[in-house]
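> Pasting a structure here, questions to come.
Number of protein chains: 2
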Amino acid sequence: MSKLSAQDIETKLLRFPDWEYFDDAIHAEFEFDNFRDCFSAMSRIAFECEALNHHPNWSNVYNVLTISLSTHDANGVTDKDFKLAEAIEAIVEPVDE
Amino acid sequence: MSKLSAQDIETKLLRFPDWEYFDDAIHAEFEFDNFRDCFSAMSRIAFECEALNHHPNWSNVYNVLTISLSTHDANGVTDKDFKLAEAIEAIVEPVDE
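Protein chains in written order, with my numbering: chain A, 150 to 246; chain B, 150 to 246.
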């Protein structure tokens, strides 16, 4: 899994408006109604992390969840991070169809 | 719920060797075997937080959980923080009896 260039990352981020690229990682902050809703989303994300064998650097304060994704072995952002970001988006912002 | 003095906090911390006091909060870091074990502990802690209606500022990276406790309304550390710290200790370091 090789590190993506800054330009590749910015191009991919066009599809991920909640995410920003800085400090060799992609970052997002999500706000929920309360702690329960926030931790419920974290639990669902945790299962995705295990399924993808890729784990975030994340923080929570009450209803706010902050997530940073990078690939340690590649020393930067890789497709693994975007795969996890996509799974996270599907959890935190389900699209009604 | 009134803010405890630095001296009261240090005295109370004698019973909590995993915790340190700085920046108007008490802080601890716990290491687990892997992400699953770490997130399992977080889930149990989340239930205690809801039961106590008191929530941490916490971060996770793979098998490491970092927790900071303070009481926003009191602008410092109160007995609520020690109550939650005690509940956390019971989860992360169960004593075999």
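Even glycine gets a Cβ: it sits at the ideal position worked out from N, Cα and C.
Keep in mind the model is a prediction, meaning the values are calculated, not measured.
Would you verify that the beta carbon of glutamate 242 of chain A is, or is not, closer than 8 angstroms to some beta carbon of chain B?
Answer no: the Cβ-Cβ gap between glutamate 242 of chain A and chain B never drops below 8 angstroms.
> Going by C-alpha distance, which of A:Glu242, A:Ala234, A:Ala239, A:Ile240 is nearest alanine 174 of chain A?
It is A:Ala234 whose Cα lies nearest to the Cα of alanine 174 of chain A.
> How big is the Cα-Cα spacing for asparagine 202 of chain B and aspartate 222 of chain A?
Near 39 angstroms, if we compare the C-alpha coordinates of aspartate 222 of chain A and asparagine 202 of chain B.
> Assuming valine 241 of chain B and phenylalanine 179 of chain B make a contact with CB atoms under 8 angstroms, what is their CB distance in whole Å?
Indeed they touch by this definition, with Cβ atoms about 5 angstroms apart.
> Just to make sure I have the definition right: I need the residues of chain B whose C-beta is within less than 7 angstroms of the C-beta of glutamate 199 of chain A. Which are they?
Residues of chain B passing the Cβ test: Phe184, Arg185.
> Let me know if methionine 150 of chain B comes out buried or exposed under the rule of 16 or more other beta-carbons within 10 Å of its beta-carbon.
The residue in question, methionine 150 of chain B, is exposed, as its Cβ has fewer than 16 Cβ neighbours within 10 Å.
> Could you give the distance in angstroms between the alpha-carbon of glutamate 199 of chain B and the alpha-carbon of serine 154 of chain A?
Spanning the two alpha carbons is a distance of roughly 42 angstroms.
> Does any C-beta atom of chain B lie closer than 8 angstroms to the C-beta of serine 192 of chain A?
Cβ-Cβ to chain B under 8 angstroms: yes for serine 192 of chain A.
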